[in-house]
Amino acid sequence: MFALVDCNNFYASCERVFQPKLRKQPIVVLSNNDGCVISRSNEAKEKGVPMGAVAYQYEAFFKKENIHVVSSNYPLYGDMSNRVMTLLAEFSPDIEVYSIDEAFLKFEGFEAYFNLQEYGNKIRYRVTKGTGIPISVGIAPTKVLAKVANRIAKKFPDKTGNVYLIDNEEKRIKALKWLAIEDVWGIGYRLSKTLKKEGINTAYDFTQRNEAWVQKLMGIVGLRLYKELLGINCLDLEVVEDKKNIATTRSFDKNYTDYEYIKERVITFAISCAEKLRKQQSCCNALMVFLKTNRHRKELEQYSNSYVMQLPYPTNSNIEIAQFATKALEKIFKKGLAYKKAGVIVMDFSPSATQQMNLFANSNPKHQKLMEVIDKINQKTGTNKIKLATQDLSRTWKMKQKQLSKRYTTEIDDAIIVRVEEKE
DNA sequence: TCTGGGGTCCTAGGACCC
DNA sequence: TCTGGGGTCCTAGGACCC
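First residue of the first sequence? That's 4 in this note's numbering, and the numbers climb one at a time after it.
In structure tokens form, the structure reads like this:
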């Protein structure tokens with residue numbers, strides 16, 4: 004059996020842990036630059052705020068409905084996620100952290116020793132008590148069915164207590180008849196449209212077709228999904244491996260035409276990629292830089308381009324990656340356009356420990372030590388204390404974050420202070 | 001004025017090998 | 001004039017996930 008544990012309204016819930024006045028209140032969390040809604044409390048959902056709502060278009064609505072608006076605080080969410088995952092790991096030796104707010108647990112042979120419904124209740128109690136984050140637990144014979152069970156647990160908290168178990172045919176069929184086809188894990192916007200045209204509206208309808216039909220339409224991925232819904236196990240826990248690509252991309256707060264400005268941004272993105280590379284002890288052998296104008300401003304000239312550069316040697320040095328990224332940017336930058344977004348993606352990794360030397364050009368060996376020192380200092384004093392001169396220290400780039408909460412769990416100065424009144 | 005960011009896997013087709 | 005059989009690797013694009 005598998006369990007899928009999912010944090011309810013994760014970002015919104017994180018904010019509430021340290022700001023009790025937000026509990027029971029409608030609250031929404033915004034994306035970077037305070038662009039659009041990416042997390043909503045149940046109360047905000049009930050008031051009709053859709054996922055992805057554009058913040059400035061909803062400003063009046065938020066005010067009218069007394070909806071609290073919060074900027075996203077990723078250091079806080081990342082740390083809270085680690086706490087949740089640490090507690091979950093107490094409940095099974097086999098755990099796959101699937102995303103920042105979700106994990107699969109494998110219960111191999113647990114049925115003989117535990118009542119899984121009670122076990123699920125215990126997990127929920129432990130995590131909620133230990134972190135303040137409410138969770139939902141779905142338990143079933145396959146990962147896809149565990150996803151389904153989780154959805155039921157979340158949708159019917161009163162009936163299920165946020166824990167639901169699919170452990171017999173009757174429950175499986177009932178669940179699949181209830182589940183709309185577009186809500187099946189692995190069926191996205193495109194496929195659900197195609198399937199509906201075929202008269203398939205629920206997960207159950209889908210399971211009534213035959214294997215050959217499914218394979219022809221959806222390939223091997225669809226076939227696995229189909230079998231998993233029938234209760235036949237095809238997907239095991241996945242080992243979380245090193246990343247194969249690493250990206251740092253941002254929209255700007257407004258449009259920019261200035262080459263120097265864009266260059267500074269690209270260099271900063273490149274350095275962020277280099278830092279992430281060093282964290283997983285990889286070097287990259289290629290990188291891509293892309294540049295886009297504002298696609299929402301139809302009246303302005305549109306342009307979007309990218310350049311992939313093969314590197315002469317593998318590297319994870321801030322300095323080298325920044326230099327190559329700048330060269331890539333020069334290839335695609337066009338004067339006179341209003342840019343809104345740029346990004347750097349590093350690709351084609353090799354382990355930093357075993358570097359293939361090149362006859363003609365190699366990564367500067369001095370950089371390795373230098374980067375170690377930079378990483379140490381940045382870690383000690385907070386990020387971005389040490390910069391390259393090309394990042395132009397006079398330009399302080401700030402993301403729009405009007406309602407940013409504190410880093411309660413990762414910055415000592417932001418920790419909650421409990422005051423005890425002293426009596427004379 | 002303002003519209004997020006970061007990933008994975010699969011497939012088909014082209015180029016190339018013996 | 002005819003033109004086999006079996007493979008790999010790479011890339012772009014499509015689809016999906018949170």
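Positions of the beta carbon are idealized from the N, C-alpha and C atoms, including for glycine.
Assuming Thr412 and Met88 are in contact, meaning their beta carbons sit under 8 Å apart, how far apart are those beta carbons, in whole angstroms?
Wrong, their Cβ atoms sit about 14 Å apart, outside the cutoff.
Measure the alpha-carbon distance for Glu114 versus Ser285 and round it to whole angstroms.
Distance between the alpha carbons of Glu114 and Ser285 is about 41 Å.
Report back the beta-carbon spacing between Cys287 and Pro315 to the nearest angstrom; my notes put them in contact at under 8 Å.
12 Å between Cβ atoms; not a contact.
Can you find the residues in the same chain that come closer than 6 Å, C-beta to C-beta, to Ile235, ignoring five residues on each side of it along the sequence?
Cβ neighbours of Ile235 beyond the five flanking positions: none.
Let me know the alpha helix (DSSP H) ranges lying completely inside the region 97-158, each 4 residues or longer, listed in chain order.
Here the runs fully enclosed are 119-134 and 146-158.
For Asn213, count neighbouring Cβ atoms within 10 angstroms of its own Cβ and tell me buried if that reaches 16, exposed if not.
That one is exposed.
So, are the CB atoms of Leu79 and Leu91 less than 9 Å apart?
No, Cβ-Cβ distance for Leu79 and Leu91 is not below 9 Å.
When you compare the CB positions of Phe327 and Leu280, do they come within less than 9 Å of one another, or not?
Not in contact: Phe327 and Leu280 (Cβ atoms no closer than 9 Å).
How should Val242 be labelled, buried or exposed, when 16 other C-beta atoms within 10 angstroms of its C-beta is the threshold for buried?
Its Cβ having fewer than 16 others within 10 Å, Val242 is exposed.
Alpha carbon to alpha carbon, what distance is there between Gln404 and Ala325?
Each residue's alpha carbon lies about 27 Å from the other.
Where DSSP assigns a beta bridge to Asn240, which residues make up the other side?
Residue 240 is actually Leu in this sequence, not Asn. BP columns for Leu240 are empty, so no partner.
Going by beta carbon distance, what residues of the same chain come within less than 6 Å of Phe13, once the five residues before and after it are set aside?
Result list for Phe13: Asp104, in chain order.
Considering Cα atoms alone, identify which of Asn45, Thr384, Tyr262 and Ser320 is closest to Gln371.
For the residues Asn45, Thr384, Tyr262 and Ser320, the minimum Cα distance to Gln371 belongs to Ser320.
Are the beta-carbon atoms belonging to Lys266 and Thr329 less than 9 Å from one another?
Taking 9 Å as the Cβ cut-off, Lys266 and Thr329 qualify as a contacting pair.
Who are Gly189's beta bridge partners in DSSP?
Beta-bridge pairing links Gly189 to no other residue.
Taking just the CA atoms, how far does Lys27 sit from Ala1?
Only positions 4 to 427 of the chain appear in the structure, and residue 1 is not among them; the question remains open.
I'd like the span of the beta strand (DSSP E) that includes Gly346, first residue to last.
Here the beta strand (DSSP E) through Gly346 covers Tyr342 to Pro354.
Can you look up Arg300 in the DSSP assignment and give me helix, strand or coil?
Three-state DSSP puts Arg300 in coil, outside helix and strand.
Sorted by chain position, which residues of the same chain lie with C-beta nearer than 8 Å to Leu182's C-beta, five sequence neighbours on each side aside?
If we look at Leu182 and ignore the five residues flanking it on each side, its Cβ neighbours are Val151, Arg154, Thr205, Ala206 and Tyr207.
Could you pull the start and end residues of the beta strand (DSSP E) that Cys10 belongs to?
From DSSP, the beta strand (DSSP E) with Cys10 extends over Phe5 to Cys10.
Does the count of Cβ pairs from the region 327-346 and the region 297-311 closer than 8 Å reach three?
Cβ pair count under 8 Å is three or more, so yes.
Quick check: the region 244-261 against the region 214-231, are there 3 or more CB pairs under 8 Å?
Judged by Cβ distances under 8 Å, the region 244-261 makes no contact with the region 214-231, as fewer than three pairs qualify.
Among residues of its own chain, excluding the 5 on either side of Arg127, which ones have a beta-carbon nearer than 7 Å to its beta-carbon?
Taken in chain order, the residues that qualify are Ile138, Val140, Asn165 and Val166.
Measure the alpha-carbon distance for Asn11 versus Gly189 and round it to whole angstroms.
Answer to the nearest angstrom: the Cα atoms are 20 Å apart.
Bridge partners of Tyr310, per DSSP?
DSSP output for Tyr310 lists Val292 as bridge partner(s).
CB Glu49 to CB Ile30, shorter than 9 Å?
Not in contact: Glu49 and Ile30 (Cβ atoms no closer than 9 Å).
Tell me the DSSP bridge mates of Met74?
A small fix is needed here, since residue 74 is Ser in this sequence, not Met. In the DSSP output, where bridge partners are listed per residue, Ser74 has Leu33.
According to DSSP, simplified to helix, strand and coil, what is Leu168?
Leu168 falls in the strand class under three-state DSSP.
Is there contact between the region 260-274 and the region 330-340, where contact requires at least three CB pairs shorter than 8 Å?
Judged by Cβ distances under 8 Å, the region 260-274 makes contact with the region 330-340, as three or more pairs qualify.
Bridge partners of Tyr259, per DSSP?
Partner(s): Tyr342.
Would you give the residue range spanned by the alpha helix (DSSP H) that Val423 belongs to?
From DSSP, Val423 is part of no alpha helix (DSSP H); its letter is neither H nor E.
Under 8 Å by Cβ, that's how I've got Val52 and Ile41 pegged, so tell me the actual separation to the nearest angstrom.
Incorrect: roughly 11 Å between the Cβ atoms, too far for contact.
In or out: Gly133 buried (at least 16 other Cβ within 10 Å) or exposed?
It is exposed - the Cβ of Gly133 has fewer than 16 other Cβ atoms within 10 Å.
Of the choices Asp170, Val73 and Cys237, whose alpha-carbon is the least far from that of Ser34?
Checked all of Asp170, Val73 and Cys237; the closest Cα to Ser34 is Val73.
Taking the CB atoms as reference points, tell me whether Leu238 and Val147 lie closer together than 9 Å.
For Leu238 and Val147, yes; Cβs fall inside 9 Å.
Could you check what DSSP says for Val224 in three-state terms: helix, strand or coil?
Reduced to three states, the DSSP call for Val224 is helix.
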